[in-house]
Amino acid sequence: MRYLIACMLMVPSVALAEPVVDDEAIIHHAKHNCPGIKPSKVKESILRDLMAVENRFSPPASLKGMTLAAACFESKYNPTAKGDYRKVKNRRVPMAIGILQQWPWVERFYKINRRNHKEATSAWMQHIVRQLHYVKKKCKWRSPHRRWIAAWVTAIRYPKKGGRCHERPKHLKVLKRWHRAIKLTYDEDFGC
0 MRYLIACMLM
10 VPSVALAEPV
20 VDDEAIIHHA
30 KHNCPGIKPS
40 KVKESILRDL
50 MAVENRFSPP
60 ASLKGMTLAA
70 ACFESKYNPT
80 AKGDYRKVKN
90 RRVPMAIGIL
100 QQWPWVERFY
110 KINRRNHKEA
120 TSAWMQHIVR
130 QLHYVKKKCK
140 WRSPHRRWIA
150 AWVTAIRYPK
160 KGGRCHERPK
170 HLKVLKRWHR
180 AIKLTYDEDF
190 GC
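First residue of the sequence shown: 0, per numbering that gives the first Met the number 0; consecutive thereafter.
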């Protein structure tokens, strides 16, 4: 407690402000803290493209970097990744393709190429935004942060009778880890 008070007295206006999570900080942490891939293997241009698409949809600041966290978790930023194999006519066929591991219905519905990371991310964000209205009525969340999380999890998982109001996507753990690391960096910069 004494440490916190001393810190607030030294830098009163800064100590009370929340750290700004900007694009550069998120991109840095997405590149260097994605489990399972070395930073040298990550194409920074892809990360910048994902952030540019995400910024067009204006998610809450607390969820800034959600597309990067999802791409890290799903494909390790590989736009040609394949997964969720099914057996069709005695051969294995990948159902999920692309940087966000989208299924064929997304390609048909949004008329995109799942292997194009910009188109895939735009469709992914559009689908989340489409869920916001449903989630607002179903879940009754007042906070935009909670509505976006509920829309996010509703968009990426199969429909459920009772809805997914109290669930969280697995990508969110990765994103929270990055936001905490950015906050720690912010605190260290100001000696608090």
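In this text, a Cβ means the ideal position worked out from N, Cα and C, and glycines have one as well.
Per-residue burial, P168 [other beta carbons within 10 Å of its own, 16 or more giving buried]: Within the sequence shown, numbered from 1, the residue matching residue 168 stands at position 169. It counts as buried.
Stretch pair the stretch 38-45 + the stretch 103-111: three plus CB contacts closer than 8 Å: no
For K86 and I155, the rounded distance between their alpha carbons: In the sequence shown, residue 155 corresponds to position 156, counting from 1. In the sequence shown, residue 86 corresponds to position 87, counting from 1. Rounded to whole angstroms, I155 to K86 spans 22 Å at the Cα level.
A68 vs H132 beta-carbon contact at 8 Å: Translated into the one-based positions of the sequence shown, residue 68 becomes position 69. Translated into the one-based positions of the sequence shown, residue 132 becomes position 133. No, the pair does not count as a contact, with Cβ atoms beyond the cut-off.
Bridge-paired residues (DSSP) for K86: Locating residue 86 in the sequence shown gives position 87, where the first residue counts as 1. Answer is R91.
Continuous alpha helix (DSSP H) stretch holding A80: start and end: Along the sequence shown, read from residue 1 onward, the residue named residue 80 stands at position 81. First-last for A80: undefined, no H or E at that position.
Rounded Cβ spacing between S121 and Q100 (contact assumed at less than 8 Å): Here residue 121 refers to the residue found at position 122 of the sequence shown. Here residue 100 refers to the residue found at position 101 of the sequence shown. Contact doesn't hold; Cβ gap of about 16 Å is too wide.
Cut-off 8 Å between Cβ atoms - residues of its own chain near I181, not counting five sequence neighbours on either side: Position 182 of the sequence shown, counting from 1, holds the residue named residue 181. Taken in chain order, the residues that qualify are P18, V20, A24, I25 and H28.
Contacting residues, own chain, Cβ-Cβ under 6 Å from I36 (five flanking each side not counted): Mapped onto the sequence shown, residue 36 falls at position 37. So the qualifying residues of the chain are K75.
Neighbourhood of N77 by C-beta distance below 8 Å, restricted to the same chain and skipping five residues each side: The count along the sequence shown starts at 1 and reaches residue 77 at position 78. Result list for N77: I98, in chain order.
For I96, the three-state DSSP class (helix, strand or coil): By one-based count along the sequence shown, residue 96 stands at place 97. Correct three-state label for I96: strand.
Best match in N54, P38, R55 and A70 for proximity to L174 [C-alpha to C-alpha]: Position 175 of the sequence shown holds residue 174. Nearest of N54, P38, R55 and A70 to L174, Cα basis: A70.
Identity of the residue in P34, Y185, A51 and S57 nearest V128 by Cα: Looking up residue 128 in the sequence shown gives position 129. When only C-alpha atoms are compared, the closest one is S57.
Backbone secondary structure at S12 - three-state DSSP: The residue given as residue 12 occupies position 13 in the sequence shown. Here S12 scores only 43 on pLDDT, less than 50, and its place in the model is too uncertain to base an answer on.
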